[in-house]
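Chains as they are written, first to last, in the working numbering: chain E, 1 to 408; chain G, 409 to 816.
Every residue gets a Cβ at the ideal spot worked out from N, C-alpha and C, and that includes glycine.
Number of protein chains: 2
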Amino acid sequence: MEFLTSTTPAHALGLIMSFPLGPLREEEVSLEQATARVLAADITAREDIPPFPRSLVDGYAVRAKDTYGAREGTPALIQVRGEVLVGEAAEKQVNDGEAFYVATGAMIPDGADGAVMVEYTRQAGDAVEVTRTVRRGENICFRGEDVRKGQVVLEKGRVISPFDLGVLAALGVSRIPVYERPVCGLASSGNEIVPADEVPGPGKVRDINTHTVSSLTKGQGCIVRFAGIAKDTVDDIIEKLSALRECDAMLLSGGSSKGQSDFMTTAVERLGGRVLFHGLNIKPGKPTIFATLWGKPVFGLPGHPVSCAMVVLRFVQPLLARLRGEGRPLPPRTVCGRLTTNIPSAYGIEEYVRVSVEKREGTAPLVTPIFAKSSVISTLSKADGYVVVQEGQEGLETGVEVEVLPLG
Amino acid sequence: MEFLTSTTPAHALGLIMSFPLGPLREEEVSLEQATARVLAADITAREDIPPFPRSLVDGYAVRAKDTYGAREGTPALIQVRGEVLVGEAAEKQVNDGEAFYVATGAMIPDGADGAVMVEYTRQAGDAVEVTRTVRRGENICFRGEDVRKGQVVLEKGRVISPFDLGVLAALGVSRIPVYERPVCGLASSGNEIVPADEVPGPGKVRDINTHTVSSLTKGQGCIVRFAGIAKDTVDDIIEKLSALRECDAMLLSGGSSKGQSDFMTTAVERLGGRVLFHGLNIKPGKPTIFATLWGKPVFGLPGHPVSCAMVVLRFVQPLLARLRGEGRPLPPRTVCGRLTTNIPSAYGIEEYVRVSVEKREGTAPLVTPIFAKSSVISTLSKADGYVVVQEGQEGLETGVEVEVLPLG
């Protein structure tokens with residue numbers, strides 16, 4: 001009965017992913033600052049990479065046909081006309097029966113269509129004996145072979161990797177158009193919550209969620225603004241939300257268990273906002289609120305640290321990915337393994353079960369559930385990941401193959 | 409013949425992992441700064457978490473035995489003695505036949521050993537009807553159930569996760585002992601290399617490796633110091649190495665192909681250092697140098713961007729993990745899939761092949777090699793990971809299961 005009014009995870013994600021966001025702000029950053037930022041525009045190559053044919057080896061630039069049939073006993077004798085220095089233009093032309101010495105990275109002179117490694121040559125006065133056949137194109141990286149001028153090399157919405165940075169550097173794109181980092185407003189609530197650096201009095205506990213949520217959110221490229229810990233009153237929550245008004249999204253943890261949720265929903269409504277869902281058909285994480293306020297998305301996150309973290313991973317992070325402009329978020333890196341124990345679960349609820357994973361040589365990894373209450377943060381710290389038991393499943397049986405999702 | 413003098417990857421890793429490092433420096437950081445840092449000491453719990461028994465639900469703290477046999481039609485009638493407010497001490501004792509209202513997170517008063525959700529109760533004047541049996545311990549998180557005082561909760565050498573941060577916050581560890589970030593000195597070399605923000609003249613190309621190596625290294629928690637681009641002279645390389653003398657490790661890219669390697673080895677030796685290996689039995693990445701100089705590790709990295717990146721992933725990152733104090737680096741998250749095409753490879757060389765991975769519903773992911781020259785940086789940007797062909801294998805055949813390692 002209690003779940004009848006809850007929202008299904010699929011419906012909730014639908015609301016989250018279709019929440020109308022304002023236009024994303026853009027800025028330009030240097031190569032040094034660009035890693036893990038999100039491209040705000042397609043990057044089109046303004047030139048060929050490499051800009052000229054380059055030797056991939058230390059050796060001789062030759063005309064391949066001059067070496068046909070060459071071998072150890074019957075080498076091809078080719079006249080060496082000089083050397084192309086690395087970093088300089090190759091100004092001479094290679095004619096029939098001629099070669100130039102080229103070190104790795106040197107420009108291949110016109111007329112040459114292959115390079116032979118010095119290991120397959122013998123010097124012979126002004127000439128060189130080539131002891132094997134060179135294929136056309138062998139050991140040359142041609143102009144534009146890496147990137148062709150006019151080609152879109154990196155697409156808008158892409159999270160910039162260290163190797164993307166290499167591509168940008170190669171193209172001379174040293175000012176990179178990216179989306180601004182979204183600003184994520186954060187507050188805790190609860191009469192029992194004290195800051196982590198205080199000694200809690202009787203009945204009080206330290207603030208955990210602010211730290212895990214802040215870390216997960218920053219890890220996703222957000223700027224975090226923390227408004228402090230609200231008491232369980234509508235006025236206090238209104239004050240915190242108002243302080244975070246300029247943020248792109250607001251996350252309030254600990255304000256949405258049954259006893260406290262009224263404060264949060266009332267605060268949102270008094271400020272002119274609207275609750276989009278209240279109560280999620282998941283475990284842990286049921287007392288989750290999603291609302292719109294001042295046109296911004298607001299989450300009321302469960303107070304239990306494990307519930308709070310799971311809701312961030314499953315529901316908040318997809319929203320933040322949208323806020324940072326990620327075009328097509330990469331699928332998480334999962335591990336498949338076999339369950340060592342049954343996982344019981346109630347039909348009709350999507351359940352997240354923390355697991356440990358043990359790799360075994362020559363067989364599938366072993367996946368063992370860590371059963372613990374949703375208030376127990378230490379199990380998240382120990383877990384290697386989590387498994388999802390779908391709403392339509394009544395638990396999972398020993399031996400079945402399961403997909404382990406990463407925690408963060 | 410050319411590989412006879414090369415070092416095997418296993419031997420090289422042995423030299424790298426046994427390189428004598430100085431003592432690691434330590435510092436204290438706040439919770440806000442601690443994510444992804446490495447713990448410099450075991451963290452022992454100075455208190456129990458939670459510090460008192462807490463209700464996990466909104467409901468009534470009861471003596472479980474008072475509810476035995478209770479059900480919808482024959483509820484147990486229990487006297488409500490009051491309410492324990494969240495964040496306050498429970499000062500009263502629960503006696504037989506008595507209950508206190510407790511919201512989620514409230515302290516469970518002495519004498520109570522279970523909590524019943526409000527959904528399973530009906531108010532009846534000063535009393536409450538409980539319509540189901542409560543098990544002992546039900547809906548209570550006991551004192552110390554999450555973390556027990558005296559327990560080592562996080563071990564020295566651990567990379568701090570967002571959830572570890574939650575554990576530290578719960579324990580009130582707001583100054584965290586971590587190892588200082590290692591300082592990684594970086595320089596490029598090569599007469600053909602110009603900075604990424606310059607237009608290269610004839611025969612010249614932009615510096616790629618500085619940017620990929622810097623990004624990979626920072627991503628591993630290092631501070632990067634860049635000394636600039638050296639010309640291919642012993643003096644210039646000596647100048648760059650000297651400028652990086654105070655760094656914990658020195659990485660010089662592009663100076664170790666056959667034509668250029670003499671400058672690097674000569675520079676190291678003139679400065680009083682010693683080359684530990686020169687030439688690795690891998691592809692790409694052969695022209696790699698590892699040396700000791702002023703007691704510090706020095707890498708000469710290949711100039712080809714793909715070779716350079718692969719050597720960083722396979723050989724430099726394990727060293728940096730040691731320098732940052734990682735106790736037991738986590739195994740990389742790999743994906744297993746089936747090869748769609750043969751991968752040819754020479755016997756006796758460890759080969760790294762970039763691949764793309766296509767996930768398929770209900771079957772193993774498809775792994776397709778991306779064949780390209782080691783100078784082609786765009787393939788690294790496009791690849792989903794790489795596959796290792798062991799030294800003792802002559803390639804891999806279509807259909808075999810392969811493990812895909814992550815790029816970074």
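Interface residues of chain E facing residue i [CB-CB closer than 7 Å]
i	result
threonine 620 (chain G)	Pro162, Phe163, Leu165, Gly166
valine 561 (chain G)	Ser378
arginine 614 (chain G)	Ala169, Ala170, Gly172
glutamate 480 (chain G)	Neighbours of glutamate 480 (chain G) on chain E: none; closest Cβ ~12 Å, over 7 Å.
Proximity winner among the options, relative to residue i (alpha-carbon distances)
i	options	result
serine 782 (chain G)	G:Asn750, G:Thr696, G:Pro692	G:Pro692
serine 443 (chain E)	E:Tyr386, E:Gln151, E:Glu32	Residue 443 (chain E) lies beyond the stretch modelled for chain E, which goes from 1 to 408, so this question has no answer here.
alanine 699 (chain G)	G:Pro713, G:Val714, G:Met672, G:Ala717	G:Met672
cysteine 308 (chain E)	E:Gly254, E:Thr133, E:Val199	E:Gly254
aspartate 232 (chain E)	E:Ala243, E:Ala187, E:Ala12	E:Ala187
leucine 24 (chain E)	E:Gly395, E:Asp110, E:Glu358, E:Leu320	E:Leu320
valine 298 (chain E)	E:Arg333, E:Glu269, E:Gly203	E:Glu269
alanine 267 (chain E)	E:Gly300, E:Val86, E:Asp248, E:Thr340	E:Gly300
aspartate 456 (chain G)	G:Gly467, G:Phe427, G:Arg556, G:Pro517	G:Arg556
valine 810 (chain G)	G:Glu799, G:Pro773, G:Ser789	G:Pro773
proline 458 (chain G)	G:Cys592, G:Ala578, G:Glu769, G:Gly803	G:Ala578
valine 621 (chain G)	G:Glu499, G:Val542, G:His712, G:Thr776	G:His712
glutamate 654 (chain G)	G:Thr748, G:Thr625, G:Pro590	G:Pro590
serine 55 (chain E)	E:Leu85, E:Thr104, E:Lys92	E:Thr104
arginine 135 (chain E)	E:Lys286, E:Arg360, E:Lys65, E:Thr288	E:Lys65
valine 376 (chain E)	G:Thr415, G:Ala523, G:Pro417, G:Glu553	G:Glu553
arginine 333 (chain E)	G:Lys767, G:Ser753, G:Arg732, G:Leu721	G:Lys767
Under 8 Å from the C-beta of residue i: neighbouring residues of chain E
i	result
leucine 624 (chain G)	Pro162
phenylalanine 460 (chain G)	Pro202, Gly203
aspartate 605 (chain G)	Gly172, Ser174
serine 789 (chain G)	Val153, Leu154, Ser161, Phe163, Asp164, Gly166, Val167
cysteine 549 (chain G)	Lys373, Ser375, Val376
Burial state of residue i, where buried means 16 or more other Cβ atoms lie within 10 Å
i	result
glutamine 151 (chain E)	exposed
leucine 330 (chain E)	exposed
valine 400 (chain E)	exposed
aspartate 96 (chain E)	exposed
histidine 211 (chain E)	buried
glutamate 397 (chain E)	exposed
glutamine 628 (chain G)	buried
proline 570 (chain G)	buried
histidine 419 (chain G)	exposed
alanine 383 (chain E)	buried
glycine 477 (chain G)	exposed
Closer than 9 Å at the beta carbon, the chain E residues around residue i
i	result
asparagine 599 (chain G)	Leu85, Val86, Gly87, Glu88, Gly105
Residues near residue i in its chain [Cβ-Cβ closer than 7 Å; skip 5 each side]
i	result
phenylalanine 550 (chain G)	Pro461
valine 159 (chain E)	Ala36, Val38, Glu326
arginine 682 (chain G)	Ala699, Thr700
aspartate 644 (chain G)	Ala638
glutamate 435 (chain G)	Val586, Glu588
arginine 479 (chain G)	Thr539, Arg540
glycine 203 (chain E)	Glu192
leucine 684 (chain G)	Leu423, Phe698, Ala699, Thr700
Sequence-distant residues of the same chain with beta carbon closer than 8 Å to residue i, five excluded per side
i	result
arginine 614 (chain G)	Ile601, Val602, Pro603, Ala604, Glu606, Pro608
threonine 787 (chain G)	Val714, Arg762, Ile778, Ala780
threonine 502 (chain G)	The amino acid at residue 502 (chain G) is misidentified as threonine; the sequence shows valine. Counting only Cβ-Cβ distances below 8 Å, and skipping sequence neighbours, we find Ala469, Val470, Arg471, Arg489, Phe508, Pro517, Asp518, Gly519, Ala520.
Proximal chain G residues relative to residue i, where beta-carbon distance stays under 9 Å
i	result
proline 331 (chain E)	Lys767
glycine 219 (chain E)	Thr443, Ala444, Pro570
valine 298 (chain E)	Here the premise fails: no neighbours, minimum Cβ distance about 21 Å.
Under 8 Å by beta carbon: chain G residues contacting residue i
i	result
glycine 408 (chain E)	Ser569, Pro570, Phe571
proline 109 (chain E)	Those do not exist, as proline 109 (chain E) stays about 11 Å from chain G at its closest Cβ, beyond 8 Å.
Own chain, CB closer than 6 Å to residue i, minus 5 neighbours either side, in chain order
i	result
valine 561 (chain G)	Ile451, Ala453, Val555, Val575
glutamate 155 (chain E)	Asp42
phenylalanine 411 (chain G)	With a pLDDT of 41 at phenylalanine 411 (chain G), under the threshold of 50, the modelled position of that residue is not reliable, and the figure given next carries that caveat. Excluding positions up to five away in sequence, the list reads Asn689.
alanine 40 (chain E)	Glu26, Pro177, Val178, Tyr179
Partner residues on chain G for residue i, Cβ-Cβ distance less than 7 Å
i	result
glutamate 394 (chain E)	The contacting residues do not exist; glutamate 394 (chain E) stays about 21 Å from chain G at best.
Taking the runs of the alpha helix (DSSP H) that are 4 residues or longer, which of them lie wholly in the segment 647-715 of chain G?
666-678
Let me know the beta strand (DSSP E) ranges lying completely inside the segment 735-813 of chain G, each 3 residues or longer, listed in chain order.
Secondary structure within the segment 735-813 of chain G: the beta strand (DSSP E) runs of 3 or more consecutive residues, fully enclosed, are 743-747, 758-768, 771-777, 793-797, 809-812 (chain order).
Curious, which full-length beta strand (DSSP E) runs of at least 3 residues does the segment 587-644 of chain G contain?
591-597, 631-638
Could you tell me which whole beta strand (DSSP E) segments of length 3 or greater appear in the segment 453-483 of chain G?
467-470
Along the chain, which unbroken stretches of the beta strand (DSSP E) at least 3 residues long are found entirely within the segment 67-117 of chain E?
76-84, 98-102, 114-117
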